[in-house]
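Residue numbers (this note's numbering): 280 to 992.
Just so you know, even glycine gets a beta-carbon here, dropped at the ideal spot from N, CA and C.
Computed from a prediction, not measured in an experiment: that's the story for all the values here.
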């Protein structure tokens, strides 16, 4: 970083700018021609959307929706997981500066159903360097919806923890029109992002082009130690739609992206994150008819990921990987969905079918001219194929003006086939797992491999009662859901499982039965919500990480109990002051082994305050997490494991904003103002990297300043 943009000077500049914003607010002066002046008495300012988002509230039972394009605090790393951690109930397993793994209510991996405009994309790395959210740039989407718990059947199988929908909005233009949106963000550690959103159309044809680029260098933690965490990523998507009338839309979407990311949790980095996406969709509505709507979608996603130890670092001769090594894995996913909506009086039913299948392959080697040969000259070897097909129906029945009944049922047929399963456990070398690189690279002796298949029928369903009170703007709800989840790629073939034929055949699907209850209150000045859950998970899949040899890790089924909840309140104290707070807690018990479930986040609270006069805004966020003593050392999920107890921490951040006009907004923030050194409890272990001060867990960023300029017209 240039001397004139040193960390200390930039932090001081942002603090000064926020202080000046506070001074301008204190005078109560609005700039001429702004929204504050136009509103006169300021009654409209209380309903202004925040310039910087610090808290996301549930808007309906178990559901929250947020705008991913708005600046957030702490500043997002421009991938899906880092974006989701601003929503109560979510945590992120940090691996570096980007591409962390999202955790909802202590549940990670495929327990969280991630959907991109109705489709799915799967990563390929056996050690989870590229979870599905690694291929998602949130700013390319118009909204993100989170549905907690097994309380929907519309979006595919296995959503025991919840469902996340990254969606784009579509509309038919009444007349020829053009929209342009753009933003730039800059900050410490070389952080710079650029986004563009261009849309144009007429009543018959609409086109859109969105793009996003993000870059950052290694950040420093609160101790001033550099963390191996740089990244660079870009994504772009285009859409062309035909709308012959107000009720019909036929669209073709295509997208591409790539990037690289340095990892503090691994002996290798991500040198390539190539994404290719194509989708064809049809949406036709029939207002007033019993057969009210038909939707159809066919999609293709391709993820191509390269991991190596020489592009973003130098191989460490003293490590378990002393020479340059590389592995390339890819996954091709083809899927589709057809759904019909029927309406009759107070009853609405959505029913349909969906299916997806993906093939995973890989190849190993090194750089050109290396001892292991150029990996790009090796043939790709198919090692796994997974597929599922399901039928679903979800209904919403309005029993009265105050009562509703929502229920759903689906049944899925899931299949998996492994092509390189070991008849017996491969012998590890130097503590490394024979499957760490996608198969074969570290096996010191040849092993006999076989192919095998397995399948299962998976019923799921839920029913939820909602009641709006007569004497208060509040809704009570209670629902019970059951979902069966087939083991995913990482639980059957990943780095931290045995990779043998018996292990592949013996791991059973999870069966989750969960009760969800809650309250939604929407008063004139106060909005509040509470959601609580308790469940039983039969055959919960736990990953075991023996301390003696990493190659002995394996997956097994246990019986578990889970419980917890989230709560939030937002209080408009005056026309300009708004206070909010959220709380999240997750608890789990391994009943088979009489110990806690691993990788459960501790109790967490967030307290926010915002002052907004329609032109200027100033806000603060205090995030507090308690200590976590409920641990299961040596056990974890497909991403991380419990490494021991963690202490509590509190992190204070501030932000400010200025609406230069209706089209132009400037925002700035300082995250972790007091430079607190800390690490999250849900975390990936730090393997020890040459040239860095290594900690047990990957530490979070220290004091981080950022500025963002947004434009739309």
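Provide the residue span of the beta strand (DSSP E) that contains residue i, from first to last.
i           : result
residue 985 : 983-991
residue 261 : Outside the shown range of the chain, which is 280 to 992, sits residue 261, and nothing can be said about it.
residue 794 : 789-801
residue 577 : 570-587
residue 344 : 342-345
May I ask you to list the residues that DSSP assigns as paired with residue i?
i           : result
residue 535 : 515 and 555
residue 398 : 395
residue 383 : 369 and 386
residue 673 : 629 and 687
residue 621 : 570 and 628
residue 841 : 814 and 867
residue 612 : 580 and 637
residue 470 : 466
residue 935 : 897 and 947
residue 661 : 640
residue 678 : Looking at the DSSP assignment, residue 678 forms no beta bridge with any residue, so it has no partner.
residue 332 : 351
residue 544 : Per DSSP, none; premise fails for residue 544.
residue 479 : 457 and 486
residue 653 : 645
residue 694 : 666 and 734
residue 970 : Answer by DSSP bridge pairing: none, since residue 970 is not bridged.
residue 833 : 823
Terminal residues of the continuous alpha helix (DSSP H) containing residue i?
i           : result
residue 361 : 359-363
residue 769 : 768-772
residue 782 : 780-785
My understanding is that residue i touches residue j, with C-beta atoms under 8 Å, so please give their C-beta distance in whole angstroms.
i           : j           : result
residue 448 : residue 421 : 4 Å
residue 368 : residue 863 : 5 Å
residue 612 : residue 868 : Wrong, their Cβ atoms sit about 35 Å apart, outside the cutoff.
residue 584 : residue 544 : The pair is not a contact, with the Cβ atoms about 16 Å apart (cut-off 8 Å).
residue 370 : residue 961 : 5 Å
residue 472 : residue 460 : No, residue 472 and residue 460 are not in contact; Cβ-Cβ is about 14 Å, not under 8 Å.
residue 432 : residue 740 : 7 Å
residue 926 : residue 951 : About 16 Å separates the two Cβ atoms, so there is no contact after all.
residue 671 : residue 630 : 7 Å
residue 818 : residue 855 : Actually they do not touch by this definition, with Cβ atoms about 53 Å apart.
residue 497 : residue 468 : 7 Å
residue 429 : residue 754 : Incorrect: roughly 20 Å between the Cβ atoms, too far for contact.
residue 772 : residue 733 : About 12 Å separates the two Cβ atoms, so there is no contact after all.
residue 663 : residue 697 : 6 Å
residue 991 : residue 942 : 6 Å
Considering Cα atoms alone, identify which of the options is closest to residue i.
i           : options               : result
residue 538 : 912, 603, 357 and 922 : 357
residue 913 : 788, 441, 833 and 355 : 833
residue 586 : 614, 645 and 333      : 645
residue 345 : 375, 446, 396 and 615 : 446
residue 901 : 887, 895 and 810      : 887
residue 801 : 337, 616 and 936      : 337
residue 608 : 478, 404 and 429      : 404
residue 872 : 787, 588 and 820      : 820
residue 791 : 363, 485, 831 and 436 : 436
residue 267 : 685, 681, 680 and 968 : Outside the displayed span of the chain (280 to 992) sits residue 267, for which this structure offers no information.
residue 413 : 438, 335, 493 and 467 : 493
residue 794 : 622, 760 and 452      : 760
residue 803 : 775, 852, 452 and 487 : 852
residue 903 : 909, 963, 932 and 920 : 932
residue 416 : 427, 377, 384 and 450 : 377
residue 915 : 616, 387 and 988      : 387
residue 372 : 642, 969, 964 and 992 : 964
residue 343 : 424, 786, 990 and 878 : 424
residue 402 : 665, 652, 594 and 978 : 665
residue 520 : 361, 979 and 450      : 450
residue 502 : 966, 971 and 955      : 955
residue 564 : 592, 557, 618 and 595 : 618
*Taking the runs of the beta strand (DSSP E) that are 3 residues or longer, which of them lie wholly in the region 387-451?*
Within the region 387-451, the complete beta strand (DSSP E) runs of at least 3 residues are 391-395, 422-427 and 441-446.
*Entirely within the region 845-932 and at least 3 residues each: give me those beta strand (DSSP E) ranges in chain order.*
Taken in chain order, the unbroken stretches of beta strand (DSSP E) that lie wholly in the region 845-932 and span 3 residues or more are 856-869, 883-891 and 895-904.
_Length-filtered (3 minimum) beta strand (DSSP E) runs lying within the region 481-526_ = Uninterrupted beta strand (DSSP E) stretches at least 3 residues long and entirely within the region 481-526 occur at 484-495 and 510-524, given in chain order.
*Hey, which unbroken runs of the beta strand (DSSP E) at 3 residues or more fall wholly within the region 718-763?*
Correct list: 728-747.
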